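Peer 1: Quick note on our numbering: the sequence shown kicks off at 27 and runs consecutively. Quick reminder that beta carbons are idealized off the backbone N, C-alpha and C, glycines included. Values in this document were obtained by computation on a predicted structure and should not be read as measured data. Input: one structure, supplied below.
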Amino acid sequence: MAAPIMFNRRLSKNELEIWMELIKNQTEFGYLNREQASSFLNLEDTISFVSSVEDEIIGGTVIYRDRTRLGMILASVVTKNEFRETVAYSIIKSSLPFFKTVAIRDVDALVPNEPIQKRLGFPGTLELDYWTREVLERIGFEEQNKLWNYTISINADKLGNERDKIWDPQPNLEEARNLIWDSGKAIGMTNSFIWAAFDFAASQGKLRTITLKDSTKLVTSICLFNRTAIISLLISDEEITTAPKLIARMVRESVVDNVVLPLVGKGQSNLIEAVSDELGGALKRRSMTLMRRNL
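As structure tokens, this is what we get:
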């Protein structure tokens, strides 16, 4: 008897409920909430694929096209447990470009360095489940560099309601892009995940910038989930010596118990530690691996 044939197809934007159920039921940490997950899946440059065997959907992938540095990311990978050993390789590879194009040069993936007990759901972090690492290596992904996830535990009773007038009334998107691009090498963030974070924050109205003399000096974002502030983007020019105070005050605008920074490069650690000190918080971090497949 012939082995069942696996079919792969791209989901249209009006079929995304299928992916919502996959993420919720077949990944280690599900989604952050339905609104955030749906918003990311509906971005113009997000593409969702599903794979099926005999009309049963057994998994799929979500990719995000980064138009800035001409790359893409594997934002989510789902495979039902009983099929992981046999078809996970094919599910992932079928969603990747076969060769380098003018628009896509490489594919990035982010994986934890060890099994973890707790993390934000999709798209609060775009880390893949730990089990995917071995499969990615077989497909040709190679370790690029280390990134970190930081958590600051704070005492909400000590927070106040502060708002600085230095923030731009509306985020300066073009100059923010310039700051991110120019800072990439120094902070260890020359990857497509930082641009996905920027694009998503901008689309959600969560982006904040400080511009001085027509040049953006600080760009960040904040999203509130239960009693957690998620800061997915934080880049500051050295000229802004008060950046830790400004970020701490931004956090104090809301009553939260934790601050999570899901994507931090090696050159950002001093800034994060200074923010933690301003908040009087307890700082923890764990490492992740950025993996890349050049096309």
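Which value, in whole angstroms, describes the spacing of the CA atoms of K5 and S218?
Peer 2: The requested residue 5 is not part of the displayed model; the chain covers only 27 to 321.
Peer 1: Taking its Cβ as the centre, do 16 or more other Cβ atoms sit within 10 Å of N238, making it buried, or is it exposed?
Peer 2: The sequence shown places Leu at residue 238, not Asn. It counts as exposed.
Peer 1: Entirely within the region 57–115 and at least 3 residues each: give me those beta strand (DSSP E) ranges in chain order.
Peer 2: Those beta strand (DSSP E) runs which fall completely within the region 57–115 and span 3+ residues are 72–79, 82–92 and 97–105.
Peer 1: Classify I256 as helix, strand or coil using the three-state DSSP reduction.
Peer 2: Looking at I256 - three-state DSSP - the assignment turns out to be strand.
Peer 1: What are the boundary residues of the alpha helix (DSSP H) that W45 is part of?
Peer 2: E43 to Q52 is the extent of the alpha helix (DSSP H) around W45.
Peer 1: Can you check which of these residues, T267, D225 and L146, is closest to R253 by C-alpha distance?
Peer 2: For R253, the nearest C-alpha among the options comes from L146.
Peer 1: Would you kindly report the start and end of the unbroken alpha helix (DSSP H) that includes V301?
Peer 2: Residues S295 to L305.
Peer 1: Once you ignore the five residues that flank L199 on each side, which residues in its own chain have a CB closer than 7 Å to its CB?
Peer 2: Around L199: A228.
Peer 1: Kindly indicate which three-state DSSP category S313 falls into: helix, strand or coil?
Peer 2: Correct three-state label for S313: strand.
Peer 1: Starting from L205, trace the alpha helix (DSSP H) both ways and give me its first and last residue.
Peer 2: Counting along the chain, the alpha helix (DSSP H) containing L205 begins and ends at L199 to I213.
Peer 1: By a C-beta neighbour count over all protein chains shown, 10 Å radius and 16 as the cutoff for buried, is E304 buried or exposed?
Peer 2: Looking at its Cβ environment, which holds 16 or more other Cβ atoms inside 10 Å, E304 is buried.
Peer 1: Any idea if T242 is buried or exposed, counting beta-carbon neighbours within 10 angstroms, 16 or more meaning buried?
Peer 2: Looking at its Cβ environment, which holds 16 or more other Cβ atoms inside 10 Å, T242 is buried.
Peer 1: Alpha carbon to alpha carbon, what distance is there between Q230 and N68?
Peer 2: Roughly 12 Å between the two C-alpha positions.
Peer 1: Output the boundary residues of the alpha helix (DSSP H) element that contains L244.
Peer 2: Looking at the DSSP string, L244 is not in any alpha helix (DSSP H); the run it does join, the beta strand (DSSP E), is S241 to S247.
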